[in-house]
Structure formats: structure tokens, C-alpha cells
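S.K.: Here it is: the structure, laid out below.
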Amino acid sequence: CGGYIQTVPGSIQTPNYPDSYPPTTECTWIIEAAADHNVQLIFLTFDIVLDSYCTGDKVEFKDGPNENSPWIASYCGNISPPNITTTGRYLYIRFISDDQIQTAGMHLFFDQACKISLNDSSGFISSPNYPSNYPSLTKCVWIISPPYESLIQLTVLNLEIEYETNCLYDSLNIYDGKNESSLLLAKYCGSYTNEVLNSTSNFLFIQFTSDTSGKLKIHRLIKKE
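In this text, residue positions in the sequence shown follow the UniProt record's numbering: the first is 1, and each later residue adds one.
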């Protein structure tokens, strides 16, 4: 079991699924997305023997191509974990079972998500399949980082996503800096056209999450200081 996977989208499952996985088994998968994309993983079914600290049977995820990559999480039990989105183009997955009890295991779906790093002078950011609707459970992260000292002007040309008073379900978050710890410039949900934002530095971090389908298109323009 396991393998190096470059065909995206796809799915993986534990040996013998949906029957019980075998004892004393170890499987390692490495998923590679296209350049400048990241990997999005969805748990379709999940049933791995539960113990308090997942020290027996478990599946672990790392944000990169090998076991030395940054740790994301380890899971066991029968409650499906939250979706995983990597920061780069690789996802490392390792499944381990001991010689005790076995259960049905897991079935996971993976795809490549949106382009993640943008450093050209102008252009467009759009959701997958635009101008058609993107699929549900989409998560995208874009980092705009010009190659020279500059400010960034962003225009939300077309946003059509689910509206909720506090934007709890679908949202477009724009941060004035390198990551989500930076100042939040704007948080959008619902429908918008031609909304203009300006950075105060030469970085913008854009985070988009959705549980339903919709569409999104943004124009970015780098303004030299």
C-alpha cells in the first residue's frame, strides 16, 4: 500500500477497505500537486481504532514531501477530521496499525487547490472553474508578494458566495501582510462587484473558504512606491 501520487484529483484508502485493515501495517503516500498549487484533502469516511493519544493505530499528515516535513496532525477514532490544505504542493500521509483491534479504515479524496504565490505585476485571481461555479468545500490561499518594494491594489471584480451575517460558512478574507496573523483588511461574503482595497505593505494574504459552490474573480495591480 502507499505510493507516490502525481495524478490529481484522486483517492486513497486503507488496505482491504471497506473491510477491516490488516494488523501491523504501514502505508505511506506522497501526493504532489502541480507547481504553485497546493493539495486539498477531504475525509470521505474515517474509522481507525481510537485511543487517547493515537499511539496505536493512526494516520498522520505532514506539510511537505517526506517524514521530516512540518507536522499537520495525527488522527484516530471514527469522527471525520476537518479538511486539510497544504501550504505547498506536497502532502505526506502515513498510516500505521498495530497487532490489536482493526476497523474499517479510511477513504480520502484529494485534489489540487488554487495557485498559492503570485509575484508578477498585475493579473487576475479566480476560483476554480471560473466563470463557472467552483465546487463545494473549496479552500484557497493566495499570497501576493511583488519582487520589488511596492504597494498592492486589489479589486474584487465579481464575488458570488453564500451570505451569512458573520460570514461563518463562505468567506473571502484579505490580510494586510504575509499571513493570517496580519491586519484583516476586509472580510466578504454574499455578492460584491468592484470593491477596491489597498495594502500598506508589499504583501497581501488572501484566504477563501467555502462549503457551497459559487464564483470569485479578483484583479490585482502592483503599484511601485
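Cβ atoms here follow ideal geometry from the backbone N, Cα and C, with glycine treated the same way.
1. Got a sec? Which residues, its chain only, sit under 8 Å from Leu-118 by beta carbon, not counting five neighbours each side?
2. Quick one: Cα of Ala-34 to Cα of Ile-42, how far?
3. Opposite Asn-198 in the DSSP bridges: which residues?
4. Could you pull out every residue in the same chain whose Cβ sits closer than 6 Å to the Cβ of Tyr-75, ignoring the five residues on either side in sequence?
5. Which of the three DSSP states is assigned to Tyr-17 in this structure?
6. When you compare only the Cα positions, how much space is there between Ser-122 and Pro-128?
7. So the candidates are Ala-186, Leu-183, Leu-50, Tyr-90; which of them puts its Cα closest to the Cα of Glu-67?
8. Mark Val-196 as exposed unless 16 or more other C-beta atoms lie within 10 angstroms of its C-beta, in which case mark it buried.
9. Return the residue from the list Ile-72, Ser-132, Ala-104 that minimises the CA-CA distance to Thr-45.
10. Would Glu-162 and Lys-215 qualify as a contact pair, given that the criterion is a beta-carbon distance under 8 Å?
11. What number of angstroms, rounded off, separates the C-alpha of Asn-198 from the C-alpha of Glu-180?
12. If you draw a straight line from the C-alpha of Tyr-188 to the C-alpha of Asp-19, how long is it?
13. According to DSSP, is Tyr-148 helix, strand or coil?
14. Pro-70 to Lys-62, Cα distance in whole Å?
15. Quick one: is Ala-73 buried, meaning 16 or more other Cβ sit within 10 Å of its Cβ, or exposed?
16. Give the single residue among Pro-147, Thr-14, Met-106, Asn-173 whose Cα lies nearest to the Cα of Thr-209.
17. Between the beta-carbon of Leu-154 and the beta-carbon of Asn-83, is there less than 8 Å?
18. Tell me whether the beta-carbon of Asn-16 lies closer than 8 Å to the beta-carbon of Pro-22.
19. Report, in whole angstroms, the separation of the C-beta atoms of Tyr-92 and Ile-30, which I expect to be a contact under 8 Å.
20. Quick one, are the C-beta atoms of Asp-51 and Asn-78 less than 8 Å apart?
21. Is Lys-178 helix, strand or coil by DSSP?
M.R.: According to the data block:
1. Answer for Leu-118: Ile-125, Trp-142, Ile-143, Ile-144, Ser-145, Arg-220, listed in chain order.
2. Ala-34 and Ile-42: Cα-Cα distance of roughly 18 Å.
3. Per DSSP, Gln-153.
4. Excluding positions up to five away in sequence, the list reads Val-59, Pro-81.
5. For Tyr-17, the secondary structure class from DSSP, reduced to helix, strand or coil, is coil.
6. So the two alpha carbons sit approximately 19 Å from each other.
7. Nearest C-alpha to Glu-67: Tyr-90.
8. By the Cβ-count criterion, Val-196 is exposed, with fewer than 16 other Cβ atoms from all chains shown falling within 10 Å of its own Cβ.
9. Residue Ala-104 is the option with its Cα nearest to Thr-45.
10. Glu-162 places its beta carbon 8 Å or farther from that of Lys-215.
11. One C-alpha to the other measures close to 17 Å.
12. In a straight line, the C-alpha of Tyr-188 is about 44 Å away from that of Asp-19.
13. Here Tyr-148 sits in coil by DSSP.
14. C-alpha separation (whole angstroms): 5 Å.
15. Note on Ala-73: under 16 other CB atoms within 10 angstroms of its CB, so exposed under the neighbour-count rule.
16. Looking at the Cα atoms, Asn-173 is the closest of the given residues.
17. Cβ atoms of Leu-154 and Asn-83: not closer than 8 Å.
18. Going by C-beta atoms, Asn-16 is nearer than 8 Å to Pro-22.
19. At roughly 6 Å, the Cβ-Cβ gap stays under 8 Å, so Tyr-92 and Ile-30 are in contact.
20. In this structure, Asp-51 lies away from Asn-78, with their beta-carbon atoms at least 8 Å apart.
21. For Lys-178, the secondary structure class from DSSP, reduced to helix, strand or coil, is coil.
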